[in-house]
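Novice: When we follow my numbering, the leftmost residue of the sequence shown carries the number 1, and every step to the right adds one. I'd like to ask you about the structure that follows.
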Amino acid sequence: MERLAENKTQVEPVSKKILEVLADKAGKDAVASLVKTWKELAPLEKVYAAYQKKHGGTTAVAKKNSAQQKLRATYYPFFTQLHACLKQIDKAVPEGWEVKPMGKVAKIVMGLSPKGNAYNETGVGMPLVNGPVEFAERFAKRIKWTTAPNKICKSGDLIVCVRGSTTGKFVKSDGEYCLGRGVCSISSKYQSFVDQMFKEQLPTLLV
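In structure tokens form, the structure reads like this:
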């Protein structure tokens with residue numbers, strides 16, 4: 001239920017994005033059905049809360065299994081309708097369009113730290129981004145440089161942290177940067193779309 005509740009918060013922003021490209025009647029009808037279906041999650045949340053209150057601490061296996069089966073049966077119509085909505089959206093996609101994974105529409109470059117003796121803080125060479133220390137509010141900031149850049153991003157790319165508790169933090173690149181091992185870059189000829197989808201799907205990606 002926690003995952004469903006989290007996904008529900010993404011329905012409105014994602015629906016708006018879908019309507020930007022599926023603006024005909026079929027697209028609008030499909031999105032309207034999707035939004036309506038997700039609204040039906042509210043009473044199910046109450047059912048789940050009641051289940052947790054009554055059976056959350058139950059240790060009797062048979063009794064708990066029986067309660068879980070009844071709970072699944074309650075959710076079945078919701079998932080059936082949700083599946084139908086997704087098929088309706090799929091049918092609304094114009095002929096010739098394709099659904100592709102991000103790796104097919106964007107280039108992901110994993111960072112690699114330069115040699116240790118190639119670093120400096122005097123502005124010689126290419127600025128280095130190795131993690132959130134080099135992240136300002138919106139863009140990367142120049143703190144260290146390297147004379148031996150290897151993995152490089154260009155202006156407009158998305159720079160994303162890929163290590164530890166900072167995984168998922170991101171900024172935009174305002175020029176060429178050497179990418180250290182704590183980050184990667186994402187670039188695409190559909191950059192604005194890729195940036196938006198990454199931001200909206202980030203909670204799911206981090207699970």
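Quick reminder that beta carbons are idealized off the backbone N, C-alpha and C, glycines included. This one's a predicted model, so the numbers in the text were calculated from it and none came from an experiment.
Less than 8 Å between the CB atoms is what I'm expecting for V183 and N130, so what's the real figure, rounded?
Specialist: Between N130 and V183 the Cβ distance is about 7 Å, and since that is below 8 Å, they are a contact.
Novice: Where are the alpha helix (DSSP H) runs, 4 residues long or more, that stay fully inside the segment 69-148, in chain order?
Specialist: Listed in chain order, they are 102-105.
Novice: In angstroms, rounded to a whole number, what distance separates the CA positions of E12 and A148?
Specialist: Distance between the alpha carbons of E12 and A148 is about 46 Å.
Novice: Within 10 Å of its beta-carbon, does K144 have 16 or more other beta-carbons around it, so buried, or fewer, so exposed?
Specialist: Burial call: buried.
Novice: I need the straight-line Cα distance from S155 to D174, nearest angstrom please.
Specialist: One C-alpha to the other measures close to 5 Å.
Novice: Relative to the alpha-carbon of P114, which residue among I159, G125, A62 has its alpha-carbon at the smallest distance?
Specialist: With distances taken between Cα atoms, P114 lies closest to G125.
Novice: Can you check whether the CB of V105 is closer than 8 Å to the CB of Y190?
Specialist: Yes, the Cβ-Cβ distance between Y190 and V105 is below 8 Å.
Novice: Terminal residues of the continuous beta strand (DSSP E) containing S185?
Specialist: From DSSP, the beta strand (DSSP E) with S185 extends over 183-187.
Novice: Do E200 and V21 come within 8 Å of each other at the CB atom, strictly closer than that value?
Specialist: No, the Cβ-Cβ distance between V21 and E200 is not below 8 Å.
Novice: Go through its chain and collect everything with a Cβ distance to D157's Cβ below 7 Å, but skip five positions before and after it.
Specialist: Same-chain partners within the cutoff: S173, S185, I186, S187.
Novice: Could you check how far apart the C-beta atoms of V93 and A140 are, in whole angstroms? I think they sit under 8 Å.
Specialist: About 36 Å; that fails the 8 Å criterion.
Novice: In terms of residues, what are the limits of the beta strand (DSSP E) holding Y177?
Specialist: Element bounds for Y177: 177-179.
Novice: Between the alpha carbons of L112 and C153, how many angstroms are there, rounded?
Specialist: Their Cα atoms are separated by approximately 12 Å.
Novice: Measure how close the beta-carbons of T37 and Q81 come, nearest whole angstrom, since I'm counting them as under 8 Å.
Specialist: Rounded, the Cβ-Cβ distance is 5 Å, consistent with contact.
Novice: I need the straight-line Cα distance from K8 to V194, nearest angstrom please.
Specialist: Roughly 21 Å between the two C-alpha positions.
Novice: For chain B, find out if any of its Cβ atoms is closer than 8 Å to the Cβ of A5; answer yes or no.
Specialist: This model lacks chain B altogether; it includes just one protein chain.
Novice: Leaving out the 5 sequence neighbours to the left and right, which residues in its chain are closer than 7 Å to R138 when beta-carbon positions are compared?
Specialist: V171, K172.
Novice: Drop a sphere of 10 angstroms on the beta-carbon of V35, count the other beta-carbons inside from all chains shown, and report buried for 16 or more, exposed for fewer.
Specialist: It counts as exposed.
Novice: Using 8 Å as the threshold, is the C-beta distance between T74 and V47 below it?
Specialist: For T74 and V47, yes; Cβs fall inside 8 Å.
Novice: With DSSP collapsed to three states, give me the class of V31.
Specialist: It is helical.
Novice: Around the Cβ of P127, are there at least 16 other Cβ atoms within 10 angstroms (buried) or fewer (exposed)?
Specialist: Classification for P127: buried.
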